[in-house]
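**Student:** Numbering (this note's numbering), first residue to last: 6 to 189. Cβ atoms here follow ideal geometry from the backbone N, Cα and C, with glycine treated the same way. What you are looking at is a predicted structure, and each value in this text was computed from that prediction instead of being measured. Let me give you the structure first, and then I'll get to my questions.
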């Protein structure tokens with residue numbers, strides 16, 4: 006696939022500019038967060054835009070009731086989320102398809118642990134979506150939308166401490182994939 010333009014936004018403002026430009030110029034956007042999927046939805050060609058979100062998912066931020074925790078402290082505390090085992094499946098698409106993984110029987114799907122979704126919608130407006138403020142839309146996004154409703158810039162996710170579960174370990178890269186997780 007050979008799109009006319011590949012965009013690599015570094016934050017929400019870059020995504021907004023690209024979405025507005027695409028809408029005004031009547032071109033489609035195909036969104037890629039990691040690059041591993043089978044449907045072809047993350048690819049495009051012709052005069053369309055390929056949006057590669059890999060620059061947006063490099064940071065890990067853990068929030069607790071007392072404020073943010075830095076990445077080193079989070080990894081030191083061996084926090085984890087139930088996730089799949091393919092290193093190139095990143096949270097953007099994984100969360101939008103429910104988040105099946107090997108830990109599902111014990112902990113549920115990755116999508117079960119998403120608390121809020123920050124999305125840039127087709128009109129360029131950022132929405133923070135949760136079960137509490139928009140129940141139906143929240144579950145529509147987690148039910149296999151793959152970018153149909155907008156572009157997800159981050160999730161807020163509930164995490165577990167590995168030491169609380171016999172036999173769990175954080176692994177060589179902690180619990181983050183090659184592009185990390187933003188907005189914990």
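Helix, strand or coil: how does DSSP classify residue 53 here?
**Tutor:** strand
**Student:** Roughly how many whole angstroms lie between the Cα atoms of residue 24 and residue 153?
**Tutor:** 13 Å
**Student:** Could you tell me which whole beta strand (DSSP E) segments of length 3 or greater appear in the segment 127-159?
**Tutor:** 131-135
**Student:** Starting from residue 22, follow the alpha helix (DSSP H) in both directions and report where the run begins and ends.
**Tutor:** 17-29
**Student:** From 138, 122, 116, pick the residue whose C-alpha is nearest to that of residue 157; which is it?
**Tutor:** 122
**Student:** Taking all protein chains shown into account, decide if residue 144 is buried (16 or more other Cβ within 10 angstroms of its Cβ) or exposed.
**Tutor:** exposed
**Student:** Measuring straight from C-alpha to C-alpha, what distance separates residue 20 and residue 129?
**Tutor:** 8 Å
**Student:** Evaluate residue 111 with the Cβ neighbour count: other Cβ atoms within 10 Å of its Cβ, from every protein chain shown; 16 or more gives buried, anything less gives exposed.
**Tutor:** exposed
**Student:** Per DSSP, residue 8 forms a beta bridge with which residues?
**Tutor:** 51
**Student:** Alpha carbon to alpha carbon, how far is residue 161 from residue 36?
**Tutor:** 20 Å
**Student:** For residue 10 and residue 22, what's the separation of their Cα atoms in angstroms?
**Tutor:** 14 Å
**Student:** Report the three-state DSSP secondary structure of residue 84 (helix, strand or coil).
**Tutor:** strand
**Student:** Going by C-alpha distance, which of 60, 29, 137, 147 is nearest residue 193?
**Tutor:** One cannot answer for residue 193 here, as it falls past the ends of the chain, which runs 6 to 189.
**Student:** Check whether the Cβ atoms of residue 131 and residue 100 lie closer than 7 Å to each other.
**Tutor:** No, the Cβ-Cβ distance between residue 131 and residue 100 is not below 7 Å.
**Student:** Report the partner residues of residue 35 according to the DSSP bridge assignment.
**Tutor:** 55
**Student:** Does the separation of the CB atoms of residue 49 and residue 8 fall below 7 Å?
**Tutor:** yes
**Student:** With DSSP as the reference, label residue 101 as helix, strand or coil.
**Tutor:** helix
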